[in-house]
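> At position 538 of the sequence shown the residue is numbered 543 (this note's numbering), and the sequence of numbers has no breaks. The C-beta atom is built at its ideal place from N, Cα and C for all residues, glycine as well. Note that the structure is predicted; figures quoted are calculated from it, not measured.
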Amino acid sequence: MIRKKKKKIGEILIEKNLLLPEQLEAALERQKRSGRRLGQVLVDMGFTNHEEILVAVSEQVGIPHVYLRKGLVDPKAARLLPKEKASAYGVIPMFRIGGVLTLGMTDASDLLTIDDVESLTGCKIQPVQCRAEDIRDAIRDYYSESMEMEDFLESFQASDVQVAESHYENLRMVEEQAEGARIINLVNLILLNAIKEGASDIHVEPDAQKTRVRYRIDGALQEVMTPGADLHPALISRIKVMSKMDIAERRLPQDGRVRVIAEGEDVDVRVSTMPTVQGEKVVMRLLDKRTLTLDINKIGIHETTLVDMKKVLRRPNGILLVTGPTGSGKTTTLYSGLTFISSVERNIVTIEDPVEYQLPLINQIHVNEEQGLSFARVLRSVLRQDPDIIMVGEIRDRETAEVAIQAALTGHLVLSTLHTNDSAGAIARLVEMGIEPFLLTSSVIGVVAQRLVRTVCANCKTSYFPPKELLDRIGWQGKNTSFVTGRGCDQCFDSGLRGRVGIFELLPMTDDLRELVLRDPSMHAIQSFCTRSGMRTMKDEAFRLVEEGRTSLEEVMRVIFVAEAAEQELAAAEA
């Protein structure tokens, strides 16, 4: 293999028309006499400047360059490396996200320095090229005793996260009531890092001695920051101002929404406040369209189940229910189904609480219980709007269930959700609400149950052999005796898991199932029917992912078998 020759600094500057050949020759002559770096010689002779040299060096080593400025260096990150080591290596730790430390370097191609800093800090290093002068200044400033988190927040660029102008954002109000630059910048930092890490939620919660900031990543909460408790009231007030809430009201829960632009991306943020003993807690749900997949072929449904589900979605009328706990991806499945069947020839209406993502060709309605807009009331009004397909965000009570059934029986396709552990439990839950079994057999055309399981981190994947007793206990019948798991690394917050995939089961309303529901609509009877009929269950799907090495046995046990145990305990208590 022929290795591509690395270009020299002078050649790069000449190619960019930043230097003349005769200037390069003169500089090389002076360099021979002085022994100094060529870049410094070129600057001293006035042929170029530090910024152009930095760009050229960055292109030469193939590593991004950064102009160090106030706010780009977190004092806490800087102190991960002793001052004498930073000075000796010519580096400055800039900031840490998870276990990855961004390191400003005079020579970003120096692998020995990178290895040493990795050993000293315990972090994976992301090098960036910086000017030597800037690094020396940063070492002087950020290793001083007076540089604290407050100074970092004062110098952080408020423009790094922008509140987008919209009908619910009053920028004048923000200016009048903001507590100051450090609070604005702290909120910006929390939002920016959460978006970078792919978090779905941000929890800002009070404690006696501190404020705890946690991100929900792949369904699990990770603590990422603990600002002082004295910052908590101002921090909550800033978030309230952004979300157009009443900052004077601290005794009642509030809901709001704000749209921010971070790194050029438009992200909707749903905000909820809740009073606690220690103070107000805020949860922010990040609705990042970049992470949304609305292609039903790509959300993880097994090909056999997918074929049957598409058949159900193509039905002209009936109810398709999607079940699962909160956070199991039900909304994504419903949106994917609507996207699959949407067209200009159909009138599709959704009733949601709240509307999370806006979809083309679909009329979306936001439920507001305080104004009397309940699911049932809105659904009755929608039926007078000549709909073909209706999505009801959730069937919570008998009234909504009855109107949905009426819509299905009068020629509409209705999609909705229920909170049950599996597909068999959905029929039993509706019967418990007071719906007659004969209405269910006439209207329900299928039930989808789903979960999200975390996948093994590709960076720290390893294999192991679990004890046979464990495999026997969960009824493992696969060929594998060796399984994969994650050791834990900086990329997965030491969990061994990164990313999620859906597992699904579909229970279609067949003639045999209709007869059973009319005779015995109990959950136990329907579960036994599913087993006898050979239905592909979520457990089957989970075991398939384990065999393919995509998830771990422990993750499957957490998601599937804990839910099964809870359901068995509930059934025993009812008996």
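1) Can you tell me which of the three DSSP states residue 171 falls into?
2) Suppose contacts are defined by Cβ-Cβ distances below 8 Å. Is residue 193 in contact with residue 229 by that definition?
3) With three or more C-beta pairs closer than 8 Å as the rule, is the stretch 410–426 touching the stretch 393–402?
4) Given this structure, state the Cα-to-Cα distance separating residue 50 from residue 32, to the nearest angstrom.
5) Could you name the residues of the same chain whose beta carbon sits closer than 7 Å to that of residue 471, not counting the 5 residues immediately before and after it, in chain order?
6) Excluding the 5 residues preceding and the 5 following residue 307 in the sequence, name in chain order all residues of the same chain whose CB lies nearer than 8 Å to its CB.
7) So is residue 459 buried or exposed if we call it buried at 16+ other beta carbons inside 10 Å?
8) Given a cut-off of 8 Å on the beta-carbon distance, is the pair residue 314 and residue 191 in contact?
9) How would you call residue 560, buried or exposed, if buried means at least 16 neighbouring beta carbons within 10 angstroms?
10) What first and last residue would you give for the alpha helix (DSSP H) that runs through residue 432?
11) Assuming residue 85 contacts residue 200 under a Cβ cut-off of 8 Å, what Cβ separation, rounded to an integer in Å, is found between them?
12) Within 10 angstroms of its Cβ, does residue 371 collect 16 or more other Cβ (buried), or is it exposed?
13) Closer than 6 Å by C-beta to residue 452: which residues in its own chain qualify, once you throw out the five before and the five after it? Chain order, please.
14) If I follow the unbroken beta strand (DSSP E) through residue 259, where does it start and stop?
15) Can you name the residues that DSSP bridges to residue 206?
16) Report yes if the CB atom of residue 338 is closer than 8 Å to the CB atom of residue 367, and no otherwise.
17) Which of the three DSSP states, helix, strand or coil, is assigned to residue 235?
18) According to DSSP, is residue 249 part of a helix, a strand, or is it coil?
19) By Cβ distance, which residues of its chain are closer than 6 Å to residue 335, with the 5 residues on each side in sequence left out?
20) With distances taken between CB atoms, is the gap from residue 491 to residue 462 smaller than 8 Å?
21) Can you tell which of 342, 280, 450 has its C-alpha closest to the C-alpha of residue 299?
22) Secondary structure at residue 133, three-state DSSP: helix, strand or coil?
23) Compare the beta carbon distance of residue 240 and residue 209 with 8 Å and say whether it is the shorter of the two.
24) Within its chain, find whatever has a CB closer than 7 Å to the CB of residue 527; leave out the 5 residues flanking it on each side and keep chain order.
25) Using the rule of at least 16 other Cβ atoms within 10 Å of the residue's Cβ for burial, across every protein chain shown, is residue 147 buried or exposed?
26) Could you tell me whether the stretch 209–218 touches the stretch 281–288, where touching means 3 or more Cβ pairs closer than 8 Å?
With the structure as the only source:
1) Along the sequence shown, one-based indexing puts residue 171 at 166. Interpretation of residue 171 is limited by its pLDDT of 42, a score under 50 that renders its predicted location unreliable; the figure taken from the coordinates is listed afterwards. Residue 171: strand per DSSP, three-state reduction.
2) If you number the sequence shown from 1, residue 193 lands on position 188. If you number the sequence shown from 1, residue 229 lands on position 224. Contact: no.
3) yes
4) Along the sequence shown, one-based indexing puts residue 50 at 45. Along the sequence shown, one-based indexing puts residue 32 at 27. Their Cα atoms are separated by approximately 8 Å.
5) Numbered from 1 along the sequence shown, position 466 holds the residue referred to as residue 471. Once the five neighbours on either side are set aside, the close Cβ partners of residue 471 are 488, 558.
6) One-based indexing of the sequence shown puts residue 307 at position 302. Excluding sequence neighbours, residue 307 sits near 509, 541, 546, 549.
7) Working through the sequence shown from its first residue, we reach residue 459 at position 454. Flag for residue 459 reads buried.
8) Along the sequence shown, one-based indexing puts residue 314 at 309. Along the sequence shown, one-based indexing puts residue 191 at 186. Contact: no.
9) Numbered from its first residue, the sequence shown carries residue 560 at position 555. Buried, because 16 or more other Cβ atoms sit within 10 Å of the Cβ of residue 560.
10) For the purposes of this step, residue 432 is taken as residue 427 along the sequence shown, with counting starting at 1. Start and end: 428–437.
11) Along the sequence shown, one-based indexing puts residue 85 at 80. Along the sequence shown, one-based indexing puts residue 200 at 195. Incorrect: roughly 24 Å between the Cβ atoms, too far for contact.
12) By one-based count along the sequence shown, residue 371 stands at place 366. So residue 371 ends up on the exposed side.
13) Indexing the sequence shown from 1 puts residue 452 at position 447. Only 326, 428, 431, 512 meet the Cβ criterion.
14) Indexing the sequence shown from 1 puts residue 259 at position 254. Start and end: 259–267.
15) What you label residue 206 is simply residue 201 of the sequence shown in a count that begins at 1. In the DSSP output, where bridge partners are listed per residue, residue 206 has 221, 290.
16) As a position in the sequence shown, residue 338 is number 333, starting the count at 1. As a position in the sequence shown, residue 367 is number 362, starting the count at 1. No; because the gap between Cβ atoms is not below 8 Å, this pair is not in contact.
17) Taking the first residue of the sequence shown as 1, we reach residue 235 at position 230. DSSP places residue 235 in helix when its eight states are reduced to three.
18) The sequence position of residue 249 within the sequence shown is 244, counting from 1. DSSP places residue 249 in coil when its eight states are reduced to three.
19) In the sequence shown, residue 335 corresponds to position 330, counting from 1. Cβ neighbours of residue 335 beyond the five flanking positions: 327, 329, 422.
20) Working through the sequence shown from its first residue, we reach residue 491 at position 486. Working through the sequence shown from its first residue, we reach residue 462 at position 457. Yes; because the gap between Cβ atoms is below 8 Å, this pair is in contact.
21) On the sequence shown, position 294 is the one that residue 299 refers to. Nearest C-alpha to residue 299: 342.
22) Counting from one through the sequence shown, the residue named residue 133 turns up at place 128. The answer is strand: DSSP assigns residue 133 an E or B state.
23) Residue mapping note: residue 240 aligns to position 235 of the sequence shown, counting from 1. Residue mapping note: residue 209 aligns to position 204 of the sequence shown, counting from 1. Yes.
24) Taking the sequence shown and counting its residues from 1, the one referred to as residue 527 is at position 522. 433, listed in sequence order.
25) Here residue 147 is taken as the residue at index 142 of the sequence shown, counted from 1. Looking at its Cβ environment, which holds 16 or more other Cβ atoms inside 10 Å, residue 147 is buried.
26) yes
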